[in-house]
Amino acid sequence: MWNQSSKEKAKAVLMEWIEQAKNSKVIPLKVMAKTIMAYRSNVVLNDL
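In my numbering, the protein residues as written are 103 to 150.
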């Protein structure tokens, strides 16, 4: 995500990861995806 050339690409990569994590059978990944989803605008907007 941090290596993307634009905020739009970074958002797309983040959303793809979140979807993959939500579809995973690994519970900690699902929890992390839910947490990141709640803060996704701050995650992507900082430092880009």
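Think of the CB as a built atom: it goes at the ideal place given N, C-alpha and C, for glycine as much as any other residue.
Since the model is a prediction, treat every value here as computed from it, not as a measurement.
Asked	Found
C-alpha distance - I129 paired with Q122, whole-angstrom precision	12 Å
Three-state class that DSSP yields for Y141 in the structure shown	helix
A155 burial status per 10 Å Cβ neighbour count (16 or more: buried)	Any answer about residue 155 is impossible in this case: the structure gives the chain only from 103 up to 150.
K132 versus S143, K124, Y141, residue with shortest Cα-Cα distance	K124
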